[in-house]
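In the numbering used here, the protein residues as written are 40 to 156. We treat Cβ as the ideally placed atom computed from N, Cα and C, and that holds for glycine.
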């Protein structure tokens, strides 16, 4: 959050959120092109190739049908928590107002949630 009394996300966090919104807009307008591109990239990386810093996760090959739709989950991670309660309220208000959803996390909240899984 900003260090001032406005209680808003920092400028860098807002910039990252806008970047994600812009990219989601592109995906919405060009969904089929995006879907095919993502599946091509996934197949390339699963076969041992390197692209966009991608890597095969702990489950290995996903075994998904390339003809099916893709579910996107976006997360912006930035900053460190100073006031967890107020930041949680701000994130909750923000996330409920966006469609498709964009999650916003501080590094501290992201790490706490990642450890629970």
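Tell me, please, whether the CB atom of residue i is closer than 8 Å to any CB atom in chain D?
i, result
"residue 77", "Structure shown: chain D not included; a single protein chain is present."
My output table needs one value for residue i: the three-state DSSP class, helix, strand or coil.
i, result
"residue 90", "coil"
"residue 142", "strand"
"residue 150", "helix"
"residue 106", "coil"
"residue 121", "coil"
"residue 128", "helix"
"residue 53", "helix"
"residue 101", "coil"
"residue 83", "helix"
"residue 64", "helix"
I'd like to know whether the C-beta atoms of residue i and residue j end up nearer to each other than 8 Å.
i, j, result
"residue 191", "residue 116", "There is simply no residue 191 to check, as the chain begins at 40 and stops at 156 in what is shown."
"residue 86", "residue 119", "no"
"residue 132", "residue 143", "no"
"residue 95", "residue 84", "yes"
"residue 47", "residue 74", "no"
"residue 81", "residue 101", "yes"
Considering only DSSP beta bridges, list what residue i is partnered with.
i, result
"residue 113", "141"
Give the C-beta separation of residue i and residue j to the nearest angstrom, bearing in mind that I take them to be a contact with Cβ-Cβ under 8 Å.
i, j, result
"residue 105", "residue 78", "4 Å"
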